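In the working numbering, the protein residues as written are 12 to 733.
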């Protein structure tokens with residue numbers, strides 16, 4: 012644990028003059044080291060992160076309390092882009108009663124394990140504690156339901172890591188590519204943040220071991236049905252069981268009405284005991300009493316009799332029976348919808364998705380389910396069924412017609428979003444006729460629905476809906492380009508390839524192999540990328556499709572460039588440009604992209620004049636609405652002019668690149684712009700300007716825990732003190 016924390020302390024002080032709070036950390040480290048070393052030795056250590064880390068380890072071994080002090084000060088460092096909001100855990104259900112002892116036991120930093128059966132209220136308790144302690148965690152609260160990230164017994168841990176990092180403010184464009192780098196980034200970021208992490212529904216230590224933040228300055232709450240091997244790293248589990256008798260009646264009163272419970276006190280006590288005083292069962296029973304009170308004189312006794320007649324023997328039975336009775340009295344559309352929602356893929360759903368499942372507007376039915384307390388809100392506008400309700404509501408055989416309606420709804424909506432984002436990009440899926448996209452941002456909609464869409468792709472592929480699978484994969488490409496989520500897309504494209512191969516569509520297969528290869532490049536998985544790109548090029552060779560061939564060569568060039576094979580990258584891009592020219596107007600956009608990419612590689616191989624010769628044509632073929640790509644052309648132009656010593660021209664190009672990026676809102680390029688701006692300033696002898704830009708780039712990467720921060724830290728240390 013301390014290795015990561017002390018390593019981050021050393022890195023932060025090596026170039027941390029720009030970080031707010033670095034002064035206090037530096038003073039604390041210097042003061043502690045000065046007790047054992049001479050002043051000149053301390054000064055030398057503070058300038059050398061590797062030696063400083065070793066010295067801090069020795070110090071913590073001798074004085075363990077120093078570790079906690081430094082971890083706290085590390086958590087006070089601030090940097091990176093400002094954030095309008097902090098992540099927050101879902102709200103606890105209302106009313107929430109009892110659990111005072113458990114809430115007290117869970118307060119404070121550290122690692123805590125909550126153990127109890129399904130329906131005991133572990134999730135509600137975690138959310139209540141998160142609300143109680145919100146002010147203690149300046150970097151927010153991150154809630155992760157691990158059940159939502161499982162495929163059978165497989166937990167998609169890298170995706171969980173990426174989710175937590177983005178919740179903590181790391182931009183998707185700054186997520187590390189390779190899996191090892193991503194885990195290192197996770198350890199770095201979670202060592203520096205002071206936050207509450209809730210890991211709900213863990214099954215074993217393997218689920219959470221690597222996800223536990225290294226710093227003791229944060230609070231981690233893990234829930235599980237049983238402790239098992241989790242107790243090895245999360246000692247002293249907090250049991251979450253039945254409510255006390257008074258609290259159980261309080262909950263029934265809050266749900267059914269105090270006058271109702273007071274009038275049937277004995278029956279209410281018996282009802283609470285039959286429900287084993289478990290919160291979920293009591294909630295369903297209380298809601299059932301509330302609805303029966305409209306009809307019968309003694310609603311508590313009536314519900315108690317229903318449960319006994321049905322043979323309910325405990326909390327789970329009580330949930331099942333009350334659900335079945337509640338459903339039997341719901342209007343037919345609401346009852347039908349509840350069963351259908353139990354089959355909805357993904358972690359949650361919206362009323363629009365519910366309408367597509369039902370085959371007609373579902374607002375009224377949705378409201379009935381919410382009024383009956385059968386829906387649990389997850390985030391604004393999105394809901395899920397409680398896990399126990401989902402189990403008892405599931406149909407013995409899936410409703411294929413409803414599943415197809417949901418699939419077509421999401422397919423049409425995703426395709427409409429893709430078309431709204433531009434009609435001139437390469438598509439090899441069969442584009443269906445769809446209505447124009449309505450709503451705010453098509454990209455935001457795709458991002459909000461990505462987990463549902465990914466689950467739909469898996470489910471549709473298993474059901475043999477191959478056309479819809481490849482349509483969804485194709486429509487979602489724009490989301491990956493803009494927002495990342497590369498691990499999700501690696502899985503998505505594999506399902507797409509299964510569908511495309513069954514369809515026997517070589518062009519679609521080639522596109523999916525190419526996109527999967529590109530994804531592996533972005534993840535730093537170069538051998539896997541090579542296999543996919545080889546197959547894509549093999550398929551393209553048998554097709555008369557220069558547009559697809561050009562795009563695939565672009566991906567191959569990126570693979571060569573990342574591996575340092577720049578001559579091969581130049582050759583691949585030259586061939587892509589040649590193919591683009593044969594397409595005339597249809598190839599203009601691709602021509603602009605590939606000329607700019609080729610120019611960038613030419614700068615890298617020391618041919619800046621050749622790069623500049625290409626850039627006017629690249630600019631002319633970049634659509635005016637694509638401000639992000641226009642800024643990239645100007646950035647390459649600035650690099651080439653800098654390499655040639657044409658500093659005024661480089662400065663003008665850089666200013667234009669900054670302006671275009673600002674108008675586009677494309678913050679993911681800030682690091683590269685600062686890097687190039689610093690390089691230009693350094694070349695002109697403006698060391699203060701170089702330090703400012705490289706410090707800004709370092710701070711952004713440091714805040715994101717990105718491994719490239721070491722590059723800028725080395726540059727800054729070689730420049731010496733300011």
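We treat Cβ as the ideally placed atom computed from N, Cα and C, and that holds for glycine.
Source: prediction; values computed, not measured.
Beta-carbon to beta-carbon, residue 221 and residue 152 are separated by about 20 angstroms, too far to satisfy the 8 angstroms threshold. Residue 624 and residue 451 have their C-alpha atoms some 40 angstroms from each other. With respect to the C-alpha of residue 332, the residue from 343, 342, 314, 341 having the closest C-alpha is 314.
Closest in alpha carbon position to residue 166, among 276, 219, 120, is 219.
Per the coordinates, the alpha-carbon of residue 491 lies some 33 angstroms from the alpha-carbon of residue 16. Collapsing the DSSP output to three states places residue 469 in a helix. Rounded to the nearest angstrom, the Cβ distance from residue 584 to residue 619 is 16 angstroms, too far for a contact under 8 angstroms. The beta carbon of residue 518 is closer than 7 angstroms to those of 439, 554, 556, 559 in its chain, skipping five residues each way along the sequence. For residue 152, DSSP records a beta bridge to 207.
Relative to residue 729, the option among 712, 717, 706, 716 whose CA is nearest is 706. Taking a contact to require three or more Cβ pairs closer than 8 angstroms, the region 423-432 and the region 446-464 qualify as touching.
The beta-carbon distance between residue 224 and residue 202, rounded to whole angstroms, is 7 angstroms. This is short enough to meet the 8 angstroms contact definition. Check the Cα spacing between residue 485 and each of 40, 441, 473: the tightest is with 441. Partner residues in the beta bridge of residue 162, as assigned by DSSP, are 165. Judged by DSSP secondary structure, residue 388 falls within the beta strand (DSSP E) whose first and last residues are 386-390.
Here DSSP, grouped into helix, strand and coil, assigns residue 250 to strand. Here the alpha carbons of residue 514 and residue 470 stand approximately 17 angstroms from one another. Beta-bridge partners assigned by DSSP to residue 122: 231. With contacts defined by Cβ atoms closer than 9 angstroms, residue 691 and residue 622 do not form a contacting pair.
With contact defined as three or more Cβ pairs closer than 8 angstroms, the region 368-383 and the region 169-184 are not in contact.
When the beta-carbon positions are compared, residue 404 and residue 396 come within less than 9 angstroms of each other.
Going by beta carbons, residue 336 and residue 299 fall inside the 9 angstroms limit. For the options 564, 510, 494, the alpha carbon positioned closest to that of residue 528 is the one of 564. In the structure shown, residue 292 falls within a helical segment according to DSSP collapsed to helix, strand and coil.
The beta carbon of residue 539 is closer than 6 angstroms to those of 531 in its chain, skipping five residues each way along the sequence.
At a cut-off of 4 residues, the continuous stretches assigned as alpha helix (DSSP H) that sit fully inside the region 249-285 are 256-267, 269-274, 276-285. Beta-bridge analysis with DSSP links residue 394 to 360, 388. Straight through space, the alpha carbons of residue 401 and residue 533 are spaced by roughly 37 angstroms. When secondary structure is reduced to three states using DSSP, residue 365 falls in the helix class. By DSSP's assignment, residue 213 forms a beta bridge with 235. Distance from the CA atom of residue 216 to the CA atom of residue 687, rounded to whole angstroms, is 45 angstroms.
Ranking 259, 536, 270, 309 by CA distance to the CA of residue 280 puts 259 first. When 190, 391, 591 are compared, the shortest CA-CA separation from residue 501 is found for 190. Approximately 12 angstroms separates the beta-carbon atoms of residue 580 and residue 610; this is outside 8 angstroms, ruling out the contact. In the three-state DSSP reduction, residue 704 falls in the helix class (H, G or I). The alpha-carbon of residue 156 is positioned some 24 angstroms away from that of residue 185.
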